[in-house]
Amino acid sequence: MSIRKVLLVVLSVILATNYFYNVVLPSNKIIRFPEIVKQNGYTSEEYDVVTEDGYIINLFRIRGNKCDQLRRPVLILHGLFQSSDSWLDPGANYSLPYLLSDKCHDVWVGNTRGNYYGRRHTSLDPDNDDKFWQFSADEIGYYDIPAMIDSVLNITKAAKLNYIGFSQGGGSFYMLCSERPEYNGKVNAMVGMGTPTTLQLSNGPLQTMFSTVMKLENLFYKLGINEVFSRNMMAHKLINLICVLSKTVCHTIISSFDEYNPASHNEHTLFNTIKHFPDGTSIRNLARYGQAGFSDRFQKYDFGKTGNMERYGTHEPPTYNLQNVKVPVLLVQGRRDWLVNITELETFSKKLPNLKELFIVNDLKWNHFDLMYSHNLKQLVFPKINEYLLT
């Protein structure tokens with residue numbers, strides 16, 4: 001990797017932290033999930049979910065006005081650098097939660113620790129306690145997802161729910177079923193949209209960022225950097241300012257995260273997206289994805305030989321046992337996904353004991369983020385998801 005790329009990533013991460021917290025840029029009022037839902041003609045409910053290790057996460061329920069009776073609950077979870085708001089960015093006619101609600105699914109939209117709606121804890125202060133940020137997707141799968149599943153089932157009194165996970169939201173679900181197989185009995189069906197496990201064939205700027213953070217992880221900690229991309233930090237404010245000043249540069253920034261598909265969304269979606277993306281996570285989480293680019297094993301975070309012995313009792317981090325994923329799975333994938341390589345996903349899919357289908361979107365330019373933001377999702381993907389959830 002060139003020195004230029006390394007310096008670019010380091011600068012990007014530092015800009016995404018409190019180093020420049022007091023820089024004054026035009027403020028953008030943060031409109032929360034319930035307000036966005038209301039603006040689009042739906043109603044919502046908000047719940048606090050407390051995980052076993054003390055993180056407090058907002059969980060939202062969407063209610064439309066087209067159904068007298070609701071179907072089985074469906075919990076949907078965003079990917080890395082996102083929050084529940086990201087699902088709503090395409091607008092009322094195209095967003096997956098609204099489409100599901102219009103078909104009478106009981107829609108629940110989750111969040112994960114570290115993002116805008118997951119930045120609270122029963123005893124830790126995210127601004128002052130480094131321990132708050134000592135997590136990766138491993139903890140999201142082990143703690144966050146089961147806490148949300150239990151909350152939905154407790155509130156609705158349903159025996160099972162359906163689950164849809166985009167990117168990290170899908171990969172973490174496999175971790176849950178591997179480590180806590182009893183949760184297979186609480187999920188009727190799972191839809192994995194662009195779900196990463198190993199990233200050896202991944203390419204593009206995101207993987208460059210992950211691998212660089214992995215190599216410089218300890219340096220960031222010495223600099224006091226544990227959190228990246230909070231909505232209140234410099235990087236997010238700067239992206240918003242740039243997108244106001246130049247549509248062309250804004251498109252360039254967004255397309256740097258993935259293969260660009262200009263026919264997939266309009267400017268309305270673009271400007272909604274930059275209000276909420278990227279959202280917060282931990283340095284450790286980015287480092288873990290960097291590790292996934294150098295291993296063909298779907299494994300836990302690697303603390304190094306000494307750290308692994310202390311944490312796991314083995315020199316190598318344990319692998320996740322995919323044979324424990326008993327839930328019926330539908331995988332949805334695009335051909336031009338920079339992050340989740342289709343060949344790598346096909347190899348992974350053969351390890352799932354209850355795979356129902358690997359569905360390749362009928363669009364040669366379909367990329368990773370199209371699975372959440374594309375206006376064509378309504379025609380090209382949603383019918384398959386809805387059909388699957390109803391079987």
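Residue numbers (the UniProt record's numbering): 1 to 391.
Ideal Cβ placement from N, Cα and C applies to all residues, glycine included.
1) Which of the three DSSP states is assigned to S282 in this structure?
2) Reducing DSSP to helix, strand and coil, say where T319 ends up.
3) Alpha carbon to alpha carbon, how far is R72 from A158? Give it in angstroms, no decimals.
4) What residue range is occupied by the uninterrupted beta strand (DSSP E) comprising L161?
5) Might you give, ordered along the chain, the residues of its own chain that have their beta carbon closer than 6 Å to the beta carbon of S230, omitting 5 neighbours on each side?
6) Measure the beta-carbon distance from P146 to R180 and round it to whole angstroms, keeping in mind my assumption that it falls under 8 Å.
7) By DSSP, does V381 sit in helix, in strand, or in coil?
8) Which same chain residues end up closer than 7 Å to D85 when comparing Cβ atoms and leaving out the 5 residues on each side of it in sequence?
9) Given a threshold of 16 other Cβ atoms within 10 Å of its Cβ, counted over all protein chains shown, does D370 qualify as buried or as exposed?
10) I'd like to confirm the pairing. Which residues does DSSP put opposite M193 in its beta bridges?
11) Shortest alpha-carbon distance to K131 belongs to which of G141, G114, S295?
12) Are D102 and K160 close, meaning C-beta to C-beta below 8 Å?
13) Does the Cβ-Cβ distance between I164 and V74 come in under 8 Å?
14) Report the CB separation of M209 from L286 in whole angstroms; it is logged as a contact under 8 Å.
15) Just to confirm before moving on: does the CB-CB distance between I360 and Q333 stay below 8 Å?
16) Measuring alpha carbon to alpha carbon, tell me which of R335, K365, V329 ends up nearest K350.
17) Can you name the start and end residues of the beta strand (DSSP E) that E45 belongs to?
18) Report the rounded CA-to-CA distance for A137 versus Y373, giving the unit in angstroms.
Once the coordinates are examined:
1) Here residue 282 refers to the residue found at position 282 when the sequence shown is read from its first residue. Note: S282 maps to strand in three-state DSSP.
2) Translated into the one-based positions of the sequence shown, residue 319 becomes position 319. Strand, per DSSP.
3) Here residue 158 corresponds to residue number 158 of the sequence shown, with the count starting at 1. Here residue 72 corresponds to residue number 72 of the sequence shown, with the count starting at 1. When rounded, the distance between both Cα atoms is 7 Å.
4) Here residue 161 corresponds to residue number 161 of the sequence shown, with the count starting at 1. Per DSSP, L161 belongs to the beta strand (DSSP E) from 161 to 166.
5) Here residue 230 corresponds to residue number 230 of the sequence shown, with the count starting at 1. Contacts found: G280.
6) The count along the sequence shown starts at 1 and reaches residue 146 at position 146. The count along the sequence shown starts at 1 and reaches residue 180 at position 180. P146 to R180, Cβ: 6 Å. Contact.
7) Counted from its first residue, the sequence shown places residue 381 at position 381. DSSP places V381 in coil when its eight states are reduced to three.
8) The count along the sequence shown starts at 1 and reaches residue 85 at position 85. F33, I36, H276.
9) As a working mapping, residue 370 is identified with position 370 in the sequence shown. Burial call: buried.
10) As a working note, residue 193 is residue 193 in the sequence shown. Paired residue(s): F166, V332.
11) Position 131 of the sequence shown, counted from the first residue, corresponds to residue 131. The shortest Cα separation from K131 among G141, G114, S295 belongs to G114.
12) Your numbering for residue 102 matches position 102 in the sequence shown. Your numbering for residue 160 matches position 160 in the sequence shown. Result no, Cβ atoms of D102 and K160 do not sit closer than 8 Å.
13) As a position in the sequence shown, residue 164 is number 164, starting the count at 1. As a position in the sequence shown, residue 74 is number 74, starting the count at 1. The answer is yes: Cβ separation under 8 Å.
14) Sequence index remark: in the sequence shown, residue 209 carries index 209 (1-based). Sequence index remark: in the sequence shown, residue 286 carries index 286 (1-based). Yes, they are in contact, since the Cβ atoms of M209 and L286 sit about 7 Å apart, within 8 Å.
15) Mapped onto the sequence shown, residue 360 falls at position 360. Mapped onto the sequence shown, residue 333 falls at position 333. Contact: yes.
16) Here the question's residue 350 lines up with position 350 in the sequence shown. The option with the nearest alpha carbon to K350 is V329.
17) Counted from its first residue, the sequence shown places residue 45 at position 45. Here the beta strand (DSSP E) through E45 covers 43 to 50.
18) Along the sequence shown, one-based indexing puts residue 137 at 137. Along the sequence shown, one-based indexing puts residue 373 at 373. A137 and Y373: Cα-Cα distance of roughly 22 Å.
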